[in-house]
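Undergrad: Numbering-wise, the numbering used here puts 542 at position 110 of the sequence shown, and it's gapless, one number per residue.
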Amino acid sequence: MFAQFDNLRGRYIEVGKMISDPSIVSDMKRYKQLNKEYKELDTILKVYDSYQNVLANIANNKNILETEKDEEFRDLAKADLLFLEEEKVKYEDELKSLLVPKEEEDERDILLEIRAGTGGDEASIFVGDLCRMYTRYCELQGWQINIVDSSEGTAGGFKEIILEVKGDNVYGRMKFESGVHRVQRIPETETKGRVHTSAASVAVLPEADEVEVDINEADIKMDVYRAQGAGGQHVNRTESAVRLTHLPTGTVVACQAERSQHKNRETAMKMLKTRIYEVAVRKHEDEIASRRKTLVSTGDRSAKIRTYNYPQGRITDHRIGMSIYNLDAFMNGDIGSMIDGLAMGEQTEKLKEGNISFE
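Below, the structure is given as structure tokens:
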């Protein structure tokens, strides 16, 4: 384990020299990659140096207990040793976390797709509730969120809605939300007070970079149509909405968020590339999941991952068996503790997989 940190320090010095090289600085993409790596290594090595300092102090206090005769001095060393042992465990846990391999996609922006499933109008209303929940959470994180496309439900909410979310480590936090979300509650239209079960599916797609997905323009069919929903006279008079079909794969995307057909096509192209890129991401995540006991990060859209039980005020995530009894706050965007639990579950599996230990 300690040899690994020596290797990291060597890499840290090497990268430090590289980011000051004029030929690297002129290549902005390469420079950003190296600068990011440098900062990550700097964080790890600072924690490691603090850990080494704690180990040295532990050894010093143990030496005092072995050689010192003065009882008062020995008592001070014992008290200090207890504190240092706690610090040692804290730094080891932090270093394990820092050494867990990070997924390349974690820092990407996302497309968040929420669609009504079983349950009719109540499912559409639930999609609206989930949309509001995620929107509030994104706002609390300081992320930028925009509606790309939507189809309203007949009794409220949405049949489907697609959101674009931009910010720091968006996919890394939101990837755990992919799957089927189930709600149990009494619908407003229920006259006999019976609890109904409805569902909505959530898909979190990491956005693709331009260089990663090469789409031939000749393989794209574009249709334009009049946008639906709010927008006044402009919506009714111009065909600004865009639908793109990727002929080789049959992938279809649509965008009507902007007034400009050009801007809608630009956004739709980004969505199309993201959908195609997602295939490779899902394959990668499925391979990872096959080696792990949990399915925390697979994003399997058919998996029932969470239940929202209104009569009990309970939210349960079935992947990690975690329940939270604060449904009102949760639906208002306070979902961080659940995401933390899921991230911890994934990290535990990665630690086992990588056999990271200080023993």
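Cβ coordinates follow ideal geometry from the N, Cα and C atoms, glycine included.
At the level of alpha carbons, what is the spacing between residue 473 and residue 441?
TA: On the sequence shown, residue 473 is found 41 positions in, with the first residue counted as 1. On the sequence shown, residue 441 is found 9 positions in, with the first residue counted as 1. Distance between the alpha carbons of residue 473 and residue 441: 8 Å.
Undergrad: What does a CB cutoff of less than 8 Å around residue 686 pick up in its chain, not counting 5 residues either side in sequence?
TA: Working through the sequence shown from its first residue, we reach residue 686 at position 254. Hits under 8 Å: 581, 673, 674, 675, 676, 700.
Undergrad: Kindly indicate the opening and closing residues of the alpha helix (DSSP H) around residue 455.
TA: Translated into positions along the sequence shown, residue 455 becomes position 23. Residue 455 -> alpha helix (DSSP H) spans 454-457.
Undergrad: Got a sec? Which residues, its chain only, sit under 7 Å from residue 624 by beta carbon, not counting five neighbours each side?
TA: Along the sequence shown, one-based indexing puts residue 624 at 192. The answer is none, since no qualifying residue turns up.
Undergrad: Kindly indicate which residue of 438, 466, 630 has the alpha-carbon position closest to the one of residue 547.
TA: By one-based count along the sequence shown, residue 547 stands at place 115. Ranking the options by Cα distance to residue 547, first place goes to 630.
Undergrad: At 4 residues or longer, what runs of the alpha helix (DSSP H) sit wholly inside the stretch 452-522?
TA: Runs of the alpha helix (DSSP H) inside the stretch 452-522: 454-457, 460-499.
Undergrad: What does a CB cutoff of less than 6 Å around residue 799 pick up in its chain, not counting 5 residues either side in sequence?
TA: Nothing about residue 799 can be read from this structure; the chain reaches only from 433 to 791.
Undergrad: What are the partner residues of residue 741, as DSSP defines its beta bridges?
TA: For the purposes of this step, residue 741 is taken as residue 309 along the sequence shown, with counting starting at 1. According to DSSP, residue 741 bridges with 616, 746.
Undergrad: Buried or exposed, going by whether 16 or more other CB atoms sit within 10 Å of the CB of residue 606?
TA: In the sequence shown, residue 606 corresponds to position 174, counting from 1. Buried.
Undergrad: Is residue 554 closer than 8 Å to residue 628 when the C-beta atoms are compared?
TA: As a working mapping, residue 628 is identified with position 196 in the sequence shown. As a working mapping, residue 554 is identified with position 122 in the sequence shown. Contact: yes.
Undergrad: Of the choices 599, 510, 517, 741, whose alpha-carbon is the least far from that of residue 541?
TA: As a first step, residue 541 is located in the sequence shown; it is residue number 109 there, counting from the start. That would be 599, whose Cα lies nearest to the Cα of residue 541.
Undergrad: Taking 8 Å as the threshold (C-beta atoms), are residue 516 and residue 489 in contact?
TA: As a working note, residue 489 is residue 57 in the sequence shown. As a working note, residue 516 is residue 84 in the sequence shown. Going by C-beta atoms, residue 489 is nearer than 8 Å to residue 516.
Undergrad: Applying the criterion that 16 or more other CB atoms from any shown protein chain within 10 Å of the CB defines a buried residue, is residue 562 buried or exposed?
TA: If you number the sequence shown from 1, residue 562 lands on position 130. So residue 562 counts as buried.
Undergrad: Please name the residue, chosen from 759, 768, 558, 778, that lies closest to residue 743 on a Cα-to-Cα basis.
TA: Taking the sequence shown and counting its residues from 1, one reaches residue 743 at position 311. Of the listed residues, the one whose Cα sits closest to residue 743 is 759.
Undergrad: By a C-beta neighbour count over all protein chains shown, 10 Å radius and 16 as the cutoff for buried, is residue 626 buried or exposed?
TA: What you label residue 626 is simply residue 194 of the sequence shown in a count that begins at 1. Exposed: under 16 other Cβ atoms inside 10 Å.
Undergrad: How far does the beta strand (DSSP E) with residue 635 in it extend, from its first residue to its last?
TA: Sequence index remark: in the sequence shown, residue 635 carries index 203 (1-based). 628-638 is the extent of the beta strand (DSSP E) around residue 635.
Undergrad: At the level of alpha carbons, what is the spacing between residue 456 and residue 576?
TA: By 1-based counting over the sequence shown, the position of residue 456 is 24. By 1-based counting over the sequence shown, the position of residue 576 is 144. Roughly 31 Å between the two C-alpha positions.
Undergrad: For residue 494 and residue 514, what's the separation of their Cα atoms in angstroms?
TA: By 1-based counting over the sequence shown, the position of residue 494 is 62. By 1-based counting over the sequence shown, the position of residue 514 is 82. Near 11 Å, if we compare the C-alpha coordinates of residue 514 and residue 494.
Undergrad: Could you tell me the boundaries of the alpha helix (DSSP H) in which residue 582 lies?
TA: Your numbering for residue 582 matches position 150 in the sequence shown. Where residue 582 is concerned, there is no enclosing alpha helix (DSSP H), although the beta strand (DSSP E) it sits in stretches over 576-584.
Undergrad: Count the other CB atoms, across all protein chains shown, that sit within 10 Å of the CB of residue 688; report buried if there are 16 or more and exposed otherwise.
TA: Working through the sequence shown from its first residue, we reach residue 688 at position 256. Classification of residue 688: buried, given that the 10 Å Cβ count is 16 or more.
Undergrad: Let me check understanding here. Comparing Cα to Cα, which of 654, 736, 710, 659 lies closest to residue 698?
TA: Stepping through the sequence shown from its first residue, residue 698 is reached at position 266. Cα-wise, what sits closest to residue 698 is 654.
Undergrad: Buried or exposed: which applies to residue 466, given that a residue is buried once 16 or more other Cβ atoms fall within 10 Å of its Cβ?
TA: Taking the first residue of the sequence shown as position 1, residue 466 is located at position 34. Answer is buried; the Cβ neighbour count reaches 16.
Undergrad: With distance defined between alpha-carbon atoms, name the residue in 578, 535, 587 nearest to residue 559.
TA: Here residue 559 refers to the residue found at position 127 of the sequence shown. It is 587 whose Cα lies nearest to the Cα of residue 559.
Undergrad: Within 10 angstroms of the Cβ of residue 475, are there 16 or more other Cβ atoms? Answer buried if so, exposed if not.
TA: As a first step, residue 475 must be located in the sequence shown, where it is residue number 43. Looking at its Cβ environment, which holds fewer than 16 other Cβ atoms inside 10 Å, residue 475 is exposed.
Undergrad: Give me the residue from 708, 480, 470 with the minimum Cα distance to residue 444.
TA: Working through the sequence shown from its first residue, we reach residue 444 at position 12. Per the Cα distances, 470.
Undergrad: Tell me which same chain residues have a C-beta within less than 7 Å of the C-beta of residue 666, skipping the five on either side of it?
TA: Translated into positions along the sequence shown, residue 666 becomes position 234. At residue 666 the pLDDT is 44, less than 50, meaning the model places this residue with poor confidence; the figure from the coordinates comes in the next sentence. So the list reads 691, once near-sequence residues are dropped.
Undergrad: For residue 570, which residues in the same chain have their Cβ closer than 7 Å to its Cβ, ignoring the five residues on either side in sequence?
TA: Taking the first residue of the sequence shown as 1, we reach residue 570 at position 138. Contacts found: 577, 597.
Undergrad: Quick one: is residue 757 buried, meaning 16 or more other Cβ sit within 10 Å of its Cβ, or exposed?
TA: In the sequence shown, residue 757 corresponds to position 325, counting from 1. So residue 757 ends up on the exposed side.
Undergrad: Is the stretch 502-513 touching the stretch 480-488 in the sense that three or more CB pairs, one from each, lie closer than 8 Å?
TA: No contact exists between the stretch 480-488 and the stretch 502-513.
Undergrad: Take residue 592 as the anchor and find which of 573, 509, 549 has the nearest alpha-carbon.
TA: For the purposes of this step, residue 592 is taken as the residue at position 160 of the sequence shown. When only C-alpha atoms are compared, the closest one is 549.
Undergrad: Per DSSP, what are the beta-bridge partners of residue 755 in this structure?
TA: Translated into the one-based positions of the sequence shown, residue 755 becomes position 323. BP columns for residue 755 point to 748.
Undergrad: When you compare only the Cα positions, how much space is there between residue 737 and residue 524?
TA: The residue labelled residue 737 in the question sits at position 305 within the sequence shown. The residue labelled residue 524 in the question sits at position 92 within the sequence shown. So the two alpha carbons sit approximately 32 Å from each other.
Undergrad: Whose C-beta lies closer than 8 Å to the C-beta of residue 647 among residues of the same chain, with five residues either side of it excluded?
TA: Residue mapping note: residue 647 aligns to position 215 of the sequence shown, counting from 1. Once the five neighbours on either side are set aside, the close Cβ partners of residue 647 are 678, 701, 704, 705, 708.
Undergrad: Within the continuous beta strand (DSSP E) that includes residue 683, where are the two ends?
TA: By one-based count along the sequence shown, residue 683 stands at place 251. Per DSSP, residue 683 belongs to the beta strand (DSSP E) from 683-687.
Undergrad: Is there at least one Cβ from chain C nearer than 8 Å to residue 543's Cβ?
TA: Any reference to chain C falls outside this structure, which holds one protein chain only.
Undergrad: Taking the alpha-carbon of residue 783 as reference, which of 529, 506, 478 has the nearest alpha-carbon?
TA: Residue 783 sits at position 351 when you count from the first residue of the sequence shown. When only C-alpha atoms are compared, the closest one is 529.
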